[in-house]
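Undergrad: Chain order of the listed sequences is A and B.
All the letters of the first sequence, read from the start, carry residue numbers 1 to 218 under this note's numbering.
All the letters of the second sequence, read from the start, carry residue numbers 1001 to 1218 under this note's numbering.
Cβ coordinates follow ideal geometry from the N, Cα and C atoms, glycine included.
Here the structure is a predicted model, which is why all the values come from computation and not from measurement.
Quick one: the structure is below, and I'll ask about it shortly.
Protein chains: 2
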Amino acid sequence: MRLLVVEDEARLGKALQRGLQAEGFVVDVAADGLTGLELARHGGYDAMILDVMLPGLSGYRVVRQLRAEERWLPVLMLSAKDGEYDQADGLDCGADDYLTKPFSYVVLLARLRALLRRGAPQRPAVLTAGDLSLDPARRRVTLAGAEVVLTAREFALLEYLLRRSGAVVSKTELLDHVWDDSIETAPNTVEVYIGYLRRKIGRERLETVRGAGYRLAG
Amino acid sequence: MRLLVVEDEARLGKALQRGLQAEGFVVDVAADGLTGLELARHGGYDAMILDVMLPGLSGYRVVRQLRAEERWLPVLMLSAKDGEYDQADGLDCGADDYLTKPFSYVVLLARLRALLRRGAPQRPAVLTAGDLSLDPARRRVTLAGAEVVLTAREFALLEYLLRRSGAVVSKTELLDHVWDDSIETAPNTVEVYIGYLRRKIGRERLETVRGAGYRLAG
DNA sequence: AGAGAGCCTGTGATCGCTCTCAGCCATGGT
DNA sequence: ACCATGGCTGAGAGCGATCACAGGCTCTCT
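What follows is the structure, encoded as structure tokens:
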């Protein structure tokens, strides 16, 4: 784990660096806001410990700037100010945690661990096959970059086919998984919706396997 | 946003509930560790405020159990113990933040906001989508720089949609997270409020996905 | 107590989606 | 080449989702 410590008070900076290195972290130290910001931008750190009172650029500004640039590395703020509004301001600027000096080293470590634990959020998978892609969360389908508008049923059908992309899927299987009341629904319904899909995503991508079902080009 | 408060001291629990509801949160309160754990498992909350000293099952155990079950909802711990090792223990059990009683309400709110931010896929202090921006801390919404005045419910709805910006959000999900008594409230209510929002922020920004829900232009 | 704001429900109209039906077409076996 | 089987498609009926409007209820502030 790589950490960036931005702290102008040399002694504290050194102490932090040594202590954190002893815990197995790789630690760089910057002594002012501007170099801190620059390093945070391009240093590839896993988290940042940021003093508020800095020469040049305050800690508040550093976080705000980082967040404005859509950089989301975890930031733990350090400050001598312990007023409730100072703390709230720091957090509302985009910091993830806030510690007031003097702080306990044990607490700093625990909070740092908590921050690192909450790593990058996993993004939901996007299903693709060739130039076709489907995003289940956004309910969006694109074909060679262009958006394709599908109805709810068409979407559900395509999603199922994409999950089995390349395999032959029978009409009964589709009725079971894409339609609610598979007994009541005629197999012809599937054929109809396959037809709709073909019109929207292109005929050649969705193959008929006579007597067996359908196959989406994988 | 749905919150779960687990606190056995009835007066503090009530006070928290009232205060947080005034901020637009949907808040449930549990008075002991076991019901708290059960609710956290299946309640679909966005975050949890958890007292350490609880009858039956301590707060430490509740978090540990939740994490063991791979449930990652953000947890803010409350405790009267302010020893550095108590704090470190709480965080190392899997809590995301730790506040010692007595705490400042302003700080609690700021830390809660930071926690919710961190849980979201993206985590700016101010939520934006295009020329629309919403500041949870200041309760302000601006559209292309001009302030938009929203009622409490409209604000909560927009905030939730913004946090899921780009994704399709179903009416039931909205009822769960933005409304208190989701069973008692008709889906039509959501439709009505979507209508209000559209009038205020512009029709084109808030798309209907028929049969699925609504999507805020991301 | 009264006024006003905000919140929710009920109703009716509209419109898009879903599915059925009936007939046509394609395929492959004889 | 012919037939049987299975697949495809255009048209349309019905239904369910969505939306807007209006009215009633409940709080809060004066």
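If the cut-off is 7 Å on Cβ atoms, which residues from the region 1080-1091 of chain B count as contacting chain A, listed in chain order?
TA: Listed in sequence order: Glu1084, Tyr1085, Gln1087, Ala1088 and Leu1091.
Undergrad: Could you tell me whether the Cβ atoms of Asp1051 of chain B and Ala1031 of chain B are closer together than 7 Å?
TA: It is not a contact, given that the beta carbons lie outside the stated cut-off.
Undergrad: So what's Gly83 of chain A in DSSP terms, helix, strand or just coil?
TA: Of the three classes helix, strand and coil, the one that applies to Gly83 of chain A here is coil, per DSSP.
Undergrad: For Val1029 of chain B, which beta-bridge partners are listed by DSSP?
TA: Beta-bridge pairing links Val1029 of chain B to B:Val1005.
Undergrad: I'd like to know if Pro1102 of chain B contacts chain A, where contact means its C-beta is closer than 7 Å to some C-beta of that chain.
TA: For Pro1102 of chain B, the answer is no, since every Cβ of chain A falls outside 7 Å of its Cβ.
Undergrad: Find the residues of chain B that neighbour Ala137 of chain A, judging by a C-beta separation of less than 9 Å, and give them in chain order.
TA: Result: Arg1164, Gly1166, Ala1167 and Val1168.
Undergrad: CB of Leu1162 of chain B to nearest heavy atom of the ligand SAH: below 6 Å?
TA: This structure simply doesn't include the ligand SAH, nor any ligand for that matter.
Undergrad: I'd like the list of long-range same chain contacts for Glu207 of chain A, defined as Cβ closer than 8 Å, with 5 residues on each side in sequence excluded.
TA: Tyr214, Arg215, Leu216 and Ala217.
Undergrad: Answer yes if the region 1124-1143 of chain B comes into contact with the region 1188-1205 of chain B, meaning at least three C-beta pairs across the two stretches below 8 Å, and no otherwise.
TA: Touching, yes.
Undergrad: Determine whether the beta carbon atoms of Val178 of chain A and Leu157 of chain A lie at a separation below 7 Å.
TA: Yes, these two residues count as a Cβ contact at 7 Å.
Undergrad: Quick one: Cα of Gly1056 of chain B to Cα of Val1062 of chain B, how far?
TA: Using only the alpha carbons, I get a separation of about 10 Å.
Undergrad: Can you pull the chain A neighbours of Gly1211 of chain B, defined as C-beta to C-beta under 9 Å?
TA: Ordered by position in chain A, the residues that pass the 9 Å Cβ test against Gly1211 of chain B are Thr151, Ala152, Arg153 and Phe155.
Undergrad: Whose CA, out of A:Leu20, A:Arg163 and A:Gly94, lies closest to the CA of Arg2 of chain A?
TA: For Arg2 of chain A, the nearest C-alpha among the options comes from A:Leu20.
Undergrad: Alpha carbon to alpha carbon, how far is Gly1119 of chain B from Pro121 of chain A? Give it in angstroms, no decimals.
TA: Residue placement at Pro121 of chain A is flagged as unreliable, the pLDDT there being 49, under the threshold of 50; a coordinate-derived value is accordingly withheld.
Undergrad: For Glu154 of chain A, count neighbouring C-beta atoms within 10 Å of its own C-beta (all shown protein chains included) and say buried if the count is 16 or more, exposed if not.
TA: When all chains shown are included, Glu154 of chain A counts as buried.
Undergrad: Tyr60 of chain A CB to nearest chain B CB: under 7 Å?
TA: Answer no: the Cβ-Cβ gap between Tyr60 of chain A and chain B never drops below 7 Å.
Undergrad: So, at 7 Å on beta carbons, what are the nonlocal neighbours of Val29 of chain A in its own chain, with the 5 sequence-adjacent residues on each side left out?
TA: Closer than 7 Å at the Cβ level, and outside the excluded window around Val29 of chain A, lie Val5, Glu7, Gly13 and Gln17.
Undergrad: Under a Cβ-count criterion, where at least 16 other Cβ atoms within 10 Å of its own Cβ denotes burial, should Ile1194 of chain B be classed as buried or exposed?
TA: Its Cβ being crowded by 16 or more others within 10 Å, Ile1194 of chain B is buried.
Undergrad: So Ala88 of chain A and Val1106 of chain B are in contact, right, with Cβ under 8 Å, and what is the actual spacing, rounded?
TA: About 5 Å; that satisfies the 8 Å criterion.
Undergrad: In angstroms, rounded to a whole number, what distance separates the CA positions of Val141 of chain A and Gly211 of chain A?
TA: Looking at the two C-alpha atoms, the distance is approximately 29 Å.
Undergrad: Considering Cα atoms alone, identify which of A:Thr151, A:Met48 and A:Ala186 is closest to Leu109 of chain A.
TA: When only C-alpha atoms are compared, the closest one is A:Met48.
Undergrad: Assuming Val1168 of chain B and Arg139 of chain A form a contact by the criterion Cβ under 8 Å, report the distance between their Cβ atoms to the nearest whole angstrom.
TA: Contact flag correct, Cβ pair sits at about 4 Å.
Undergrad: Tyr1085 of chain B: buried (16+ other C-beta within 10 angstroms of its C-beta) or exposed?
TA: Tyr1085 of chain B is exposed by the Cβ-count criterion.
Undergrad: Consult DSSP for Asp176 of chain A and reduce its assignment to one of helix, strand or coil.
TA: DSSP places Asp176 of chain A in helix when its eight states are reduced to three.
Undergrad: Where do the N-terminal and C-terminal ends of the beta strand (DSSP E) with Ile1049 of chain B fall, by residue?
TA: Ile1049 of chain B -> beta strand (DSSP E) spans Ala1047 to Asp1051.
Undergrad: For Ala22 of chain A, name the three-state secondary structure that DSSP assigns.
TA: If DSSP states are grouped into helix, strand and coil, Ala22 of chain A belongs with the helices.
Undergrad: Ends of the beta strand (DSSP E) at Leu127 of chain A?
TA: That run of the beta strand (DSSP E) goes Leu127 to Ala129.
Undergrad: Name the DSSP beta bridge partners of Thr1208 of chain B, please?
TA: According to DSSP, which records beta bridges pairwise, Thr1208 of chain B is partnered with B:Tyr1214.
Undergrad: Can you tell me whether Asp1096 of chain B is buried or exposed, with buried defined as 16 or more other CB within 10 angstroms of its CB?
TA: Asp1096 of chain B is buried by the Cβ-count criterion.
Undergrad: Going along the chain, which residues of its own chain have a beta-carbon closer than 8 Å to the beta-carbon of Arg41 of chain A, five neighbours each way excluded?
TA: These residues qualify, in order along the chain: Leu66, Glu69 and Arg71.
Undergrad: Considering only the alpha carbon of each residue, which of A:Glu38, A:Leu91, A:Thr151 and A:Ser104 lies closest to Arg1123 of chain B?
TA: It is A:Leu91 whose Cα lies nearest to the Cα of Arg1123 of chain B.
Undergrad: Chain B partners of Ala110 of chain A, CB-CB under 7 Å?
TA: Residues of chain B passing the Cβ test: Gln1087, Ala1088, Leu1091 and Asp1092.
Undergrad: Distance, Cα to Cα, Lys1171 of chain B vs Asp1181 of chain B?
TA: So the two alpha carbons sit approximately 14 Å from each other.
Undergrad: Spell out the partners DSSP gives Ala1146 of chain B in its beta bridges.
TA: According to DSSP, which records beta bridges pairwise, Ala1146 of chain B is partnered with B:Leu1143.
Undergrad: Could you give the residue range of the alpha helix (DSSP H) that holds Leu112 of chain A?
TA: Taken as a continuous stretch (DSSP letters only), the alpha helix (DSSP H) holding Leu112 of chain A covers Tyr105 to Arg117.
Undergrad: With H, G and I counted as helix, E and B as strand and the rest as coil, what does DSSP make of Leu1078 of chain B?
TA: If DSSP states are grouped into helix, strand and coil, Leu1078 of chain B belongs with the strands.
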